[in-house]
Amino acid sequence: MIEISGKKILVTGGDGFIGSHLVEQLVDAGAIVTALSQYNSFNNWGWLEHTACLEKINIVSGDIRDPHFCRVITKDQDIIFHLAALIAIPYSYIAPQSYVETNITGTLNICQAALENGCDRIIHTSTSEVYGSAQYVPIDEKHPLQPQSPYSASKIGADAIAMSYYNSFGLPLTIVRPFNTYGPRQSARAVIPTIITQIASGRKQIDLGDTSPTRDFTYVSDTCNGFTRIAQSLNTIGKTINLGSNFEISVHDVFHLVAKLMQADVELFTDPVRIRPVRSEVVRLWSNNSLVKSLTGFEPVVSFEEGLQQTIDWFLQPHQLTRYKPGIYNV
């Protein structure tokens with residue numbers, strides 16, 4: 000097992016939802032963490048602005064689309080967790096080239112830089128969206144890949160680039176394929192924050208898209224624990240590994256469970272603007288997580304209802320809720 004304590008670790012996308020939680024977990028484990036925040040003229044570090052470990056991490060601002068910058072930030076790093084990506088599916092319909100440039104070319108840049116700098120361990124983040132609508136369940140790592148959106152196509156390409164560096168150059172890389180992570184700090188483009196923030200703002204009519212699809216939800220602390228366990232195991236090198244809960248629930252049932260937990264008398268409304276193109280909608284996702292269990296012993300510990308309650312409690316804090324715009328559909 001690879002020890003995390005004392006290791007120099009780079010987290011790309013450290014300013015994001017999962018990335019900021021992962022940064023905190025790595026700091027707690029004794030790692031020396033550098034977090035990449037996407038460059039902006041406001042020098043805003045995203046969710047890292049509000050983390051308790053802010054003074055214990057080194058934050059750099061930049062863009063993974065620049066190969067020269069990637070060579071600089073990966074220098075002297077022992078482990079790289081590569082989470083930086085464009086992830087909003089609806090926006091990928093509008094700006095597909097930006098997904099290719101960030102997700103595919105950005106991954107190429109990180110892999111090449113890690114190879115040149117002799118990094119010991121690379122964890123590349125994929126997504127369950129690459130599987131498309133399940134042809135069989137639960138979905139294991141051998142399930143066919145189906146590019147049902149420009150976003151999923153870009154992640155399939157990024158995964159292929161990453162694995163090619165393992166096969167061609169021996170880069171010590173693992174592809175981690177999370178299913179639907181949720182929890183505090185998640186973007187309003189995701190379904191659970193969409194429901195919670197609309198209810199919390201006092202709306203009685205909750206706007207959603209298609210609520211028939213099913214998803215496999217994992218609480219963010221469990222996802223981060225899975226990332227860490229995978230990075231610590233030498234048995235995971237060269238493999239693609241699902242990270243999910245082996246649990247399936249429809250968006251419709253999620254809506255009613257959130258409403259119940261929030262004790263809200265609300266009505267569900269289908270907003271046609273939020274409906275994906277017919278062939279683009281992924282109608283069923285359910286993870287087979289037996290491989291990650293066998294290789295690392297990982298098992299989610301936060302139940303879905305418990306995780307929902309923790310997420311609701313976080314969003315109901317006034318200073319958190321003001322960061323969101325529940326009245327605006329965020330693509």
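Per numbering that gives the first Met the number 0, the sequence shown runs over residues 0 to 330. Ideal Cβ placement from N, Cα and C applies to all residues, glycine included. Since we're looking at a predicted model, the values are computed, not measured.
1. Looking at the unbroken alpha helix (DSSP H) that takes in Y130, where does it start and where does it end?
2. Please state whether the Cβ-Cβ distance between N241 and S286 is less than 9 Å.
3. I'd like to confirm something about T104: is its beta-carbon nearer than 8 Å to some heavy atom of the ligand FMN, or not?
4. Report the residue from P317, A87 and C69 whose alpha carbon sits nearest the alpha carbon of N116.
5. Quick check: I229 and T173, are their CB atoms within less than 9 Å of each other?
6. By how many angstroms is the C-alpha of H318 removed from the C-alpha of Q308?
7. Would you list the residues sitting across from H123 in a DSSP beta bridge?
8. Should the segment 150 to 169 be called in touch with the segment 125 to 136, which here means at least 3 C-beta pairs below 8 Å?
9. Counting only runs of 3+ residues fully inside the segment 137 to 182, write out the beta strand (DSSP E) ranges in chain order.
10. From P271 to V136, what distance separates their C-alpha atoms?
11. Note down the Cα distance separating G306 from V250, rounded to an integer number of angstroms.
12. So what does K7 bridge to, in DSSP terms?
13. Decide if H67 is buried, meaning its Cβ has at least 16 other Cβ atoms within 10 Å, or exposed.
14. Measuring only the C-alpha atoms, how far is C118 from T210?
15. List, from N- to C-terminal side, the beta strand (DSSP E) runs of 3 residues or more that fit wholly inside the segment 220 to 276.
Taking the coordinates as given:
1. Y130 -> no alpha helix (DSSP H), and no H or E assigned at all.
2. yes
3. Among the ligands in the structure shown, none appear at all, so the ligand FMN cannot be discussed.
4. Among P317, A87 and C69, the Cα nearest to that of N116 is on C69.
5. yes
6. 18 Å
7. Beta-bridge partners assigned by DSSP to H123: H81 and I174.
8. yes
9. 172 to 177 and 179 to 181
10. 29 Å
11. Approximately 16 Å, taken between the alpha carbons.
12. I31
13. With fewer than 16 other Cβ atoms from the protein chains shown falling within 10 Å of its own Cβ, H67 counts as exposed.
14. Going by C-alpha positions, C118 is about 43 Å away from T210.
15. 239 to 242 and 266 to 269
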